[in-house]
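Right, one structure below, let's go through it.
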Amino acid sequence: AKDTTFGGKQLLNGGYTGSFQVGADAAQTITFKMTSAFTISGIAGASKGNATIATQSTGEPFKITGVSKVKVLSTSINSIQAASSAQLAMANLDYMIKVVDSKRAELGA
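For the sequence shown, our numbering begins at 10 and goes up steadily by one.
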């Protein structure tokens with residue numbers, strides 16, 4: 010992603026800032042930054058504090074709602090050697106993909 014360019018500009022390196030002209034006057038622009046959109050924390054932040062995550066110890070999903078920061082440690086899923094652990098990892102990954110898809114839909118992509 011760090012090598013992805015469009016029109017000679019790096020888009021996915023975490024530092025892209027862009028502007029759109031939205032009105033007739035020069036100062037009528039919308040500016041946006043893509044500083045954390047492609048990081049796990051950026052995707053988690055885009056989920057607006059709501060997540061359903063399954064843990065390896067119980068296998069049962071639990072919901073996290075309305076918190077400012079949530080840390081998911083790599084020790085939550087120690088390995089994917091067992092089928093149940095792999096399914097758990099895929100369920101959590103599927104949630105993150107749904108968050109990205111919903112944000113793309115909001116942008117009309």
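Think of the CB as a built atom: it goes at the ideal place given N, C-alpha and C, for glycine as much as any other residue. From a predicted model like this one, the values you see are computed outputs, not experimental measurements.
Practice task
Count the other CB atoms, across all protein chains shown, that sit within 10 Å of the CB of Leu116; report buried if there are 16 or more and exposed otherwise.
Solution key: Exposed.
Problem - Own chain, CB closer than 8 Å to Gln19, minus 5 neighbours either side, in chain order - result: Lys11, Asp12, Thr13, Tyr25
Problem - DSSP-derived helix/strand/coil call for Gln96 - result: helix
Problem - Tyr39 versus Tyr104: straight-line alpha-carbon distance, rounded - result: As written in the sequence, residue 39 is Ile, which differs from the Tyr given in the question. If you take the alpha carbons of Ile39 and Tyr104, they lie about 30 Å apart.
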